[in-house]
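This report refers to the structure that appears directly beneath it.
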Amino acid sequence: MILFSFTANFGSEESCRLHFKEERDKQGVQCKCGSKEHFWIKSVWIYECKKCRSRIS
Ligand SMILES: [Zn+2]
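Read in order, the letters of the sequence shown correspond to residues 3 to 59 in my numbering.
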């Protein structure tokens, strides 16, 4: 029942991830291709590079 316990803890998990994202935005995200331009895909909590489309979690 790993999925169930994850869902039950999602409230704190979400605020933790939000904090992580804010820190990440401050520092800037750089892709392996050198681009710093990314889309933020909120539904999966991932950055997607605008140039090469690789994803950074
Ligand atoms: Zn890239």
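Heads up, the beta-carbon is just placed ideally off N, CA and C, and yes, glycines get one too.
- Relative to ligand 1, even the nearest heavy atom lies 7 Å or more away from the CB of Lys38.
- The bridge partners DSSP lists for Cys51 are His40.
- Under DSSP, the beta-bridge partners assigned to Arg57 are Glu50.
- Pairing Glu15 with Gln32, the inter-Cα distance amounts to about 24 Å.
- Rounded to whole angstroms, the gap between the alpha carbons of Cys18 and Lys28 is 16 Å.
- Its chain contains Ile48 and Glu50 as the residues whose beta carbon lies nearer than 6 Å to that of Arg57, once the 5 sequence neighbours on both sides are disregarded; these appear in chain order.
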